[in-house]
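Student: Residue numbers (our numbering): 10 to 122.
(1) Under the three-state reduction of DSSP, which class applies to residue 96: helix, strand or coil?
(2) If we ignore side chains and look at the alpha-carbon of each, how far apart do residue 86 and residue 50 end up?
(3) Checking 8 Å against the spacing of the C-beta atoms, do residue 63 and residue 23 come in under that value?
(4) On the premise that residue 25 lies in contact with residue 66, defined as a C-beta separation below 8 Å, what is that separation, rounded to the nearest angstrom?
(5) Whole angstroms are fine: how far does the CA of residue 106 sit from the CA of residue 35?
(6) Can you list, in chain order, the residues of its chain whose CB lies under 8 Å from that of residue 113, leaving out five sequence neighbours each side?
(7) Among residues of its own chain, excluding the 5 on either side of residue 98, which ones have a beta-carbon nearer than 7 Å to its beta-carbon?
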């Protein structure tokens, strides 16, 4: 079986989803959770799009590049919001989102030309 050429990006997407989901849960447990609504929503959306992107790339789907382009945008948005919060879970999430966005942008650029 040939290795998937997108494996590194797939791994980054799953790692990002694995950071976003606990961040959303932790934000919901914060005493000021109402002030973190945007963070929670973006965490959930980011985790979902990252999982979709990883699944699409794992199948070497026809729209992998396009999905990765969208994934990079969502990851950037999530990172920007998470970076505003001092909580460790938000900082870890932001770092995972930045790494995933970079990997997805590279994949998108390499496949969409």
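The beta carbon of each residue, even a glycine, is placed where N, CA and C say it ideally should be.
Tutor: With the given structure in hand:
(1) It is coil, neither helix nor strand.
(2) Each residue's alpha carbon lies about 11 Å from the other.
(3) Contact flag set, yes.
(4) About 13 Å; that fails the 8 Å criterion.
(5) Those two C-alpha atoms are separated by around 17 Å.
(6) So the qualifying residues of the chain are 18, 21, 22, 62, 77, 78, 80, 81 and 84.
(7) 31, 32 and 35.
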